[in-house]
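Accompanying notes for the structure given below.
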Amino acid sequence: RLLLANMTNEPQRVQVKGIGRRNLVRMLHADNAEMATHEPEAFRAQPASRLDGSTITLPPYAIARIDSTA
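78 is the number that my numbering gives the last residue of the sequence shown; the numbers go up by one with no jumps.
Here it is in structure tokens:
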């Protein structure tokens, strides 16, 4: 498991190396923070996204959790 945080008000592109080939990403950002706060079960029930390649873009003030499945 890898946690990434963007603590700026600009999107940040991050290249991740040294993790498995099959990775799932969950992200908390401005667009889903209200749901995560008021409906945490529904937020957690949403499917994770696949990380294609080794680059991820984090929106401003976002937190990403990357889980390697292999």
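By construction, the Cβ of each residue, glycine as well, lies at the ideal position given by its N, Cα and C atoms.
Predicted model, so just to flag it, every value in this text is computed and none were measured.
Whole-angstrom distance between residue j and residue i, CA atom to CA atom
i: Ala44; j: Leu12; result: 18 Å
i: Ile64; j: Ile71; result: 11 Å
i: Leu32; j: Gly61; result: 11 Å
i: Ala41; j: Gly28; result: 28 Å
i: Asp75; j: Arg52; result: 14 Å
Host beta strand (DSSP E) of residue i (start-end)
i: Ala72; result: Ile71 to Ser76
i: Arg34; result: Asn31 to Leu36
Residue interval of the alpha helix (DSSP H) (run including residue i)
i: Arg52; result: Pro48 to Ala53
Same chain, Cβ closer than 8 Å to residue i, five either side skipped, listed in chain order
i: Pro19; result: Thr65, Leu66, Pro67 and Pro68
Residues near residue i in its chain [Cβ-Cβ closer than 6 Å; skip 5 each side]
i: His37; result: Pro67 and Ala70
Local Cβ density within 10 Å of residue i, reported as buried at 16 or more and exposed below that
i: Asn14; result: buried
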